[in-house]
Structure formats: structure tokens, C-alpha cells
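These notes are about the structure you will find just below.
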Amino acid sequence: MRTIGLLGGMSWESTALYYRLANELVRDRLGGLASASLLVRSLDFRVVRECQLQDRWDDAAALLAAEARGLESAGAELVLLCTNYMHRTAPAIEAALSVPFLHIADPVTAAAPGPTVGLLGAAGTVRAEFYRERLEAAGLRVLVPPEDDVDRVDAAIFDELCRGVLSDATRADLRAVVRRLAGRGADAVALCCTELELLLDPGDSPVPLLPSARLHVTAAVDAALAPRPAVV
Numbered sequence: 001m002r003t004i005g006l007l008g009g010m011s012w013e014s015t016a017l018y019y020r021l022a023n024e025l026v027r028d029r030l031g032g033l034a035s036a037s038l039l040v041r042s043l044d045f046r047v048v049r050e051c052q053l054q055d056r057w058d059d060a061a062a063l064l065a066a067e068a069r070g071l072e073s074a075g076a077e078l079v080l081l082c083t084n085y086m087h088r089t090a091p092a093i094e095a096a097l098s099v100p101f102l103h104i105a106d107p108v109t110a111a112a113p114g115p116t117v118g119l120l121g122a123a124g125t126v127r128a129e130f131y132r133e134r135l136e137a138a139g140l141r142v143l144v145p146p147e148d149d150v151d152r153v154d155a156a157i158f159d160e161l162c163r164g165v166l167s168d169a170t171r172a173d174l175r176a177v178v179r180r181l182a183g184r185g186a187d188a189v190a191l192c193c194t195e196l197e198l199l200l201d202p203g204d205s206p207v208p209l210l211p212s213a214r215l216h217v218t219a220a221v222d223a224a225l226a227p228r229p230a231v232v
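Residue numbers 1 to 232, in UniProt numbering, belong to the letters of the sequence shown in order.
This is the structure:
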């Protein structure tokens with residue numbers, strides 16, 4: 001089994017989900033007492049959030065690239081960044097590593113059941129081009145919510161979900177946003193904020209949900225358990 005490096009803490013609530021899912025998947029596939037071989041680096045989210053709010057993306061990229069290198073130096077054989085929004089810094093992280101970096105948007109793209117996908121996530125993910133362009137480059141048509149829904153979802157993420165607050169009222173609001181995306185023609189809605197999976201499940205949507213964290217972890221476990229090349 002290869003060792004997976006998890007670069008998280010953004011927020012720790014979703015990083016805990018990554019840790020649990022990775023271990024559950026390995027247990028289910030290998031049975032018995034099997035669990036995932038993991039290295040976890042959990043950052044202080046306050047520092048990263050300040051970079052987001054102050055538009056200091058060079059600083060954020062330098063920080064995450066250094067932390068990713070630290071995971072590789074500690075023995076990680078593949079690295080996951082446990083957040084959608086901070087994949088804005090993915091090029092710097094990939095450049096810093098000599099081991100594979102699994103981009104979170106790729107398994108989301110692979111799981112899309114049709115050509116049109118609704119994009120749900122933090123405002124910085126939805127309004128920027130870095131995530132949408134990766135989905136579009138794979139041939140998907142991307143629908144984004146209207147501005148008031150973007151603000152509503154962003155507030156739910158940073159004011160509640162990142163703080164461990166799970167509200168029935170917020171779940172109802174998010175369900176309505178999902179329904180509106182489906183009504184505009186989305187074949188599926190991508191949950192492109194890992195914290196959204198703490199509140200929404202398949203029963204909350206009239207179309208399939210694409211849970212980015214679960215899909216990301218599944219791709220990592222696939223890679224971790226793949227046969228190693230024979231040594232000649």
C-alpha cells in the first residue's frame with residue numbers, strides 16, 4: 001500500500017472526513033483490521049483564510065507548496081490537497097512535488113453522468129476561473145448559481161460548516177439552491193466544497209450529487225492500492 005499524504009486543516013472538519021473515508025475504503029477493500037497508510041498535515045486555517053481574504057495567492061501557494069514537500073519528505077507517495085478552493089494553488093504544489101498530486105476536479109469530472117454540471121462551492125471557487133476551466137477542458141458545460149445563491153452558500157460554508165455547525169435551516173436553503181441548478185438543466189450538481197458533504201446527501205437533490213471529497217479519496221485509495229510495477 002502506498003502512503004497518502006493529506007494536506008488539510010482547511011477546514012479540519014472536512015479533513016476529518018478525508019481521514020475517515022480513506023480508512024473506511026481501505027477496510028472495505030482489504031477487510032479485517034486493514035486501514036489506510038496516511039500522513040496528515042493539518043494547517044491553521046486562520047492563516048490560509050487571511051491569504052484568501054487579502055488576495056495573497058503567492059503567499060498561499062508558497063505555503064502549501066512547502067507543506068506538500070514536507071509530506072513528500074516524510075514519506076508520502078502521493079499527495080492530496082483536502083480543499084477545493086485552495087486548488088487555485090495547484091500548479092505551484094504540483095511543481096514542488098516529485099510524487100503524484102491528485103487534483104480534486106479530475107475525479108469529479110470522471111463521475112459526471114451527463115454533459116452539464118452545476119458547480120456548488122465557496123464563492124472563491126465558483127466565481128474564479130481555475131476550477132470551472134478544468135471542468136470545461138474535460139468537455140463539461142458548467143452552470144453556476146446566481147450571485148445571491150453564491151453568497152448564501154459561501155456564508156453557510158464559512159459561518160457554519162467550517163465551525164462544525166449543522167443546521168436544518170441551512171440544509172433546506174442548500175437544497176433549494178441545488179434544485180434551482182437542476183431546474184436550469186444540470187445533469188448533476190458537483191459539491192465543490194468538501195464541507196458541503198457534511199450537510200448534503202443524495203436524498204437532498206433531484207439529480208445526482210458529485211461529492212468531491214469522497215471522489216477525491218476514492219481516487220487516492222485506488223492509486224494507493226494499485227499494484228506496484230515489477231522490479232526488473
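C-beta atoms are modelled at their ideal positions from N, C-alpha and C, and glycine is treated no differently.
Legend entry - Alpha-carbon spacing of Asp173 relative to Val231, whole angstroms: As a position in the sequence shown, residue 173 is number 173, starting the count at 1. As a position in the sequence shown, residue 231 is number 231, starting the count at 1. Approximately 54 Å, taken between the alpha carbons.
Inset, instruction - Take Asp151 as the anchor and find which of Arg127, Arg228, Leu210 and Val99 has the nearest alpha-carbon. - result: The residue you call residue 151 lines up with position 151 of the sequence shown. Looking at the Cα atoms, Arg127 is the closest of the given residues.
Legend entry - Host alpha helix (DSSP H) of Arg141 (start-end): Along the sequence shown, one-based indexing puts residue 141 at 141. Looking at the DSSP string, Arg141 is not in any alpha helix (DSSP H); the run it does join, the beta strand (DSSP E), is Arg141 to Leu143.
Legend entry - Exposed unless 16 or more other CB atoms sit within 10 angstroms - verdict on Asp58: As a working note, residue 58 is residue 58 in the sequence shown. Exposed is the call here.
Legend entry - Other residues of its chain near Asp204: CB distance less than 6 Å, five sequence neighbours each side excluded: Position 204 of the sequence shown holds residue 204. Sequence-distant partners of Asp204 (beyond 5 residues in either direction) whose C-beta falls short of 6 Å from its own C-beta, in its chain, are Arg175.
Legend entry - Beta-carbon spacing of Leu120, Ala36 below 8 Å: As a first step, residue 120 must be located in the sequence shown, where it is residue number 120. As a first step, residue 36 must be located in the sequence shown, where it is residue number 36. Taking 8 Å as the Cβ cut-off, Leu120 and Ala36 do not qualify as a contacting pair.
Legend entry - Which listed residue (Val47, Met1 and Leu7) has its alpha carbon closest to that of Leu25: Taking the first residue of the sequence shown as 1, we reach residue 25 at position 25. When only C-alpha atoms are compared, the closest one is Met1.
Inset, instruction - Using alpha carbons as the reference points, say which of Pro145, Cys193 and Ser98 lies closest to Met10. - result: Position 10 of the sequence shown holds residue 10. The option with the nearest alpha carbon to Met10 is Cys193.
Legend entry - Given Ala182 as reference, the closest of Val144, Glu129, His103 and Leu198 once Cα atoms are compared: For the purposes of this step, residue 182 is taken as residue 182 along the sequence shown, with counting starting at 1. Nearest C-alpha to Ala182: Val144.
Legend entry - Nonlocal neighbours in the same chain, by C-beta distance under 7 Å from Glu195, ignoring five residues either side: As a first step, residue 195 is located in the sequence shown; it is residue number 195 there, counting from the start. So the list reads Ser11, Glu13, Ser14, Ile157, Leu161 and Cys162, once near-sequence residues are dropped.
Legend entry - Between the CA atoms of Val221 and Glu72 - distance to the nearest angstrom: Translated into positions along the sequence shown, residue 72 becomes position 72. Translated into positions along the sequence shown, residue 221 becomes position 221. C-alpha separation (whole angstroms): 17 Å.
Inset, instruction - Could you have a look at Pro146 and say whether DSSP puts it in helix, strand or coil? - result: On the sequence shown, residue 146 is found 146 positions in, with the first residue counted as 1. Of the three classes helix, strand and coil, the one that applies to Pro146 here is coil, per DSSP.
Inset, instruction - Could you say if the segment 18-32 and the segment 99-106 meet the contact criterion of at least three C-beta pairs nearer than 8 Å? - result: no
Legend entry - Gly70 beta carbon less than 8 Å from that of Arg41: Taking the first residue of the sequence shown as 1, we reach residue 41 at position 41. Taking the first residue of the sequence shown as 1, we reach residue 70 at position 70. Yes, they are a contact pair.
Inset, instruction - Evaluate Leu53 with the Cβ neighbour count: other Cβ atoms within 10 Å of its Cβ, from every protein chain shown; 16 or more gives buried, anything less gives exposed. - result: Along the sequence shown, read from residue 1 onward, the residue named residue 53 stands at position 53. Flag for Leu53 reads exposed.
Legend entry - Helix, strand or coil at Thr125 according to DSSP, with G and I counted as helix: Position 125 of the sequence shown holds residue 125. If DSSP states are grouped into helix, strand and coil, Thr125 belongs with the helices.
Legend entry - Minimum C-alpha distance to Pro146 - residue among Ala123, Thr3 and Gly164: On the sequence shown, position 146 is the one that residue 146 refers to. It is Ala123 whose Cα lies nearest to the Cα of Pro146.
Inset, instruction - May I have a chain-ordered list of the beta strand (DSSP E) segments no shorter than 3 residues that lie completely inside the segment 157-204? - result: 188-191
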